[in-house]
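Asker:
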Amino acid sequence: MKAAYLTGLRQVEIREAPVPRLAGPRDVLLRINTVGVCGSDMHYYRQGRIGPQVVEFPHVLGHECAGTILETGGEVRELRVGQRVAVDPLVACGRCDQCRAGRKHTCRDQKFLGNPGQLPGALVEYLALPAECCFPVPDALDDDTVAVVEPLSIGLYAAQMAQLAPGARVGIVGSGPIGLCTLLALRALGPVTIYVTDLLDERLAVARACGADWTGNPRSEDVVAAVQRLAPLGLDAVFECAGEQTALDQGAQLLEPGGELLVIGIPELDRVSFDINLLRRNELRVLNVRRQNECVAPAIELIASGRVDVRPLLTHHFRLEETPQAYDLVSARRDGVLKAMIRIAPER
Numbered sequence: 246m247k248a249a250y251l252t253g254l255r256q257v258e259i260r261e262a263p264v265p266r267l268a269g270p271r272d273v274l275l276r277i278n279t280v281g282v283c284g285s286d287m288h289y290y291r292q293g294r295i296g297p298q299v300v301e302f303p304h305v306l307g308h309e310c311a312g313t314i315l316e317t318g319g320e321v322r323e324l325r326v327g328q329r330v331a332v333d334p335l336v337a338c339g340r341c342d343q344c345r346a347g348r349k350h351t352c353r354d355q356k357f358l359g360n361p362g363q364l365p366g367a368l369v370e371y372l373a374l375p376a377e378c379c380f381p382v383p384d385a386l387d388d389d390t391v392a393v394v395e396p397l398s399i400g401l402y403a404a405q406m407a408q409l410a411p412g413a414r415v416g417i418v419g420s421g422p423i424g425l426c427t428l429l430a431l432r433a434l435g436p437v438t439i440y441v442t443d444l445l446d447e448r449l450a451v452a453r454a455c456g457a458d459w460t461g462n463p464r465s466e467d468v469v470a471a472v473q474r475l476a477p478l479g480l481d482a483v484f485e486c487a488g489e490q491t492a493l494d495q496g497a498q499l500l501e502p503g504g505e506l507l508v509i510g511i512p513e514l515d516r517v518s519f520d521i522n523l524l525r526r527n528e529l530r531v532l533n534v535r536r537q538n539e540c541v542a543p544a545i546e547l548i549a550s551g552r553v554d555v556r557p558l559l560t561h562h563f564r565l566e567e568t569p570q571a572y573d574l575v576s577a578r579r580d581g582v583l584k585a586m587i588r589i590a591p592e593r
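Taking this note's numbering, I'd label the letters of the sequence shown as residues 246 to 593.
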């Protein structure tokens, strides 16, 4: 089969790879249909690492994917050959204290698609996974939409973590794909006022189309002052989706006393800092968001019911052999790219 390998920093090659086999009776074999390029992929592409997770080249990336089941293990009863599925890219051990406590996303022995030393990524023609990672989707959903279930489930988990009351005032700092997925989830969950910032005006335009009540670009205005004029008491919660020090600072400044900063973005640096006087005097809470925590099925339902429309995020489309161009485009944030989708299987 063909696979897209990261062979060095900013280097992607299409190579042949062996077709995987089922490793156990609860595994399924998928034909991968579509893969979305994630911002976390860019860390490996540009730096070769996220924190202590360091790539050993060559390595296959990709974890936002839609697939079709080709084969099932002998103990799989809930899935059938020919079903199209969304994928939760996390494989949890199911035995540790975290898994037993309902926190598979912080499993002590977890493995994640495309993470170095864990599992190969989804930029392949065929992939074997535990059945528990696969969620059937309605026929009406196209493969690109199904692949975006993964980032939407992260946004949904973050929105649920905030436990916002109706009428809450919310900020989103960074309106890339994760910021927009968080926006869509917040808008679907209840009546809130949402303020969104980003450095790219074209992304702010999409944010407005997805339901943002106000948008601002820090390059052209003082967004903290602008939001404070509209919400002088401050915001109840801010979702930091950029992974940048300036975004973390901006998010903290926007909060009301007792407010909550939810950190979703992944910084390229190993350490970030906060104005401890601001956090201490206003008793601000900082909460990290780790993956999707059982939100894949609810995310599918949000899309299938029509409460969420992810299509505005789907800006660019490529074939598997064009993966190098897709990665280069997303890394440079050119041409208004939000979500680049890589088609692997033939069109349905």
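For every residue, glycine included, the Cβ atom is placed at its ideal position computed from N, Cα and C.
Just how far apart, CA to CA, sit Tyr250 and Gly359?
Answerer: Distance between the alpha carbons of Tyr250 and Gly359: 11 Å.
Asker: For the pair the segment 382-395 and the segment 289-299, tell me if three or more CB-CB distances fall below 8 Å.
Answerer: Because the criterion of three Cβ pairs below 8 Å is not met, the segment 382-395 and the segment 289-299 do not touch.
Asker: Could you have a look at Glu501 and say whether DSSP puts it in helix, strand or coil?
Answerer: Glu501: strand per DSSP, three-state reduction.
Asker: What residues match up with Asn533 in a beta bridge as DSSP calls it?
Answerer: Its beta-bridge partners are Val508.
Asker: Helix, strand or coil for Asn233? Go by DSSP, reduced to three states.
Answerer: The question about residue 233 has no answer, for the chain in this structure spans 246 to 593.
Asker: By alpha-carbon positions, which one of Thr491, Gly421 and Glu528 ends up nearest to Ser518?
Answerer: Residue Thr491 is the option with its Cα nearest to Ser518.
Asker: Are the beta-carbon atoms belonging to Leu252 and Asn278 less than 9 Å from one another?
Answerer: Reading the sequence as shown, one finds Thr at residue 252 and not Leu. Against a cut-off of 9 Å, the Cβ pair of Asn278 and Thr252 comes out as no contact.
Asker: Under the three-state reduction of DSSP, which class applies to Glu566: helix, strand or coil?
Answerer: The answer is helix: DSSP assigns Glu566 an H, G or I state.
Asker: Throw me the rounded Cβ distance for the Leu428 and Val437 pair, which I believe falls under 8 Å.
Answerer: About 10 Å separates the two Cβ atoms, so there is no contact after all.
Asker: With 16 as the cutoff for other CB atoms within 10 Å, does Ile417 come out buried or exposed?
Answerer: Its Cβ being crowded by 16 or more others within 10 Å, Ile417 is buried.
Asker: Per DSSP, which one or two residues make a beta bridge with Tyr440?
Answerer: Its beta-bridge partners are Gly416 and Trp459.
Asker: Give me the DSSP bridge partner(s) of Phe484.
Answerer: Partner(s): Ile417 and Leu507.
Asker: If you run the structure through DSSP and keep just helix, strand and coil, what is Ala407?
Answerer: Three-state result, Ala407: helix.
Asker: For the beta strand (DSSP E) that contains Asp272, what are its first and last residues?
Answerer: Element bounds for Asp272: Asp272 to Gly281.
Asker: Do three or more CB pairs link the segment 274-290 to the segment 364-376 at distances below 8 Å?
Answerer: These segments touch.
Asker: Report the CB separation of Gly488 from Glu513 in whole angstroms; it is logged as a contact under 8 Å.
Answerer: Their Cβ separation, rounded to whole angstroms, is 7 Å, which keeps Gly488 and Glu513 in contact under 8 Å.
Asker: Is the beta carbon of Glu485 sitting closer than 9 Å to the one on Ile521?
Answerer: Not closer than 9 Å, so no.
Asker: Per DSSP, what kind of secondary structure is Pro422 in: helix, strand or coil?
Answerer: It is helical.
Asker: Under a three-way DSSP split, which group does Ile545 fall into?
Answerer: Note: Ile545 maps to helix in three-state DSSP.
Asker: Looking at the unbroken alpha helix (DSSP H) that takes in Gln473, where does it start and where does it end?
Answerer: Run containing Gln473: Val468 to Leu475, per the alpha helix (DSSP H) assignment.
Asker: For Ile548 versus Val330, is the C-beta spacing smaller than 9 Å?
Answerer: Their beta carbons are not under 9 Å apart, which means Ile548 does not touch Val330 by this criterion.
Asker: Which runs of the beta strand (DSSP E) spanning at least 3 residues fall entirely within the segment 329-365, listed in chain order?
Answerer: Those beta strand (DSSP E) runs which fall completely within the segment 329-365 and span 3+ residues are 329-332.
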